[in-house]
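Peer 1:
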Amino acid sequence: LYIDGEVVYSKQTPVGFGDITTSSNVRIGSGFKEMRFFSGLIDEVSMYDKALSSDRIKAHYNASSDDPVPQHVPESSSTLALLALGALSGISLLKKKNNVVK
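No gaps in the numbering here: position 99 of the sequence shown is 921 in my numbering, and each next residue is one more.
(1) Terminal residues of the continuous alpha helix (DSSP H) containing Ala881?
(2) What does the alpha-carbon distance come out to for the pair Thr835 and Asp871?
(3) Residues in the same chain with beta-carbon distance under 6 Å from Tyr824, minus the five sequence neighbours each way, listed in chain order, please.
(4) Who are Val829's beta bridge partners in DSSP?
(5) Can you look up Ser868 in the DSSP assignment and give me helix, strand or coil?
(6) For Tyr831, which residues of its own chain have a beta-carbon under 6 Å away from its beta-carbon, when the five flanking residues on both sides are left out?
(7) Taking only the alpha-carbon atoms, compute the straight-line gap between Ser852 and Glu866 and give it to the nearest angstrom.
(8) DSSP on Ser852, reduced to helix/strand/coil?
(9) When you compare only the Cα positions, how much space is there between Met869 and Tyr883?
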């Protein structure tokens, strides 16, 4: 687990995800049961089809934005608009109401 580009926890264990396809649901910020949501801020999420080296992760972190994460994502968010316009083919967005950090 990396936080701010630094390793904070590491454990090797076999994990099977099966065959994840473009029709598979991947949840970021909630578990498989939709009522269990992460209560915090998540910023600049990336997914890769292979493990990244520590140096590559650090480089990604160093290249990231210094802008603070908003406490509330407004309906007119440019990210939501980008996804809604289908700029990322094969990606769909499940939008939940009232995603507010308390």
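Yeah, the Cβ is synthetic: ideal placement off N, Cα and C, and Gly gets one too. The model shown is predicted, which means the values in this text are computed figures rather than measured ones.
Peer 2: Once the coordinates are examined:
(1) Secondary structure note for Ala881: its alpha helix (DSSP H) is the uninterrupted segment 876-884.
(2) Their backbone Cα atoms lie some 18 Å apart in a straight line.
(3) Only Ile879 meet the Cβ criterion.
(4) Beta-bridge pairing links Val829 to Tyr824.
(5) Note: Ser868 maps to coil in three-state DSSP.
(6) The beta carbon of Tyr831 is closer than 6 Å to those of Leu823 in its chain, skipping five residues each way along the sequence.
(7) Answer to the nearest angstrom: the Cα atoms are 16 Å apart.
(8) In the structure shown, Ser852 sits in a strand (DSSP, three-state: E or B).
(9) Approximately 14 Å between the Cα atoms of the pair.
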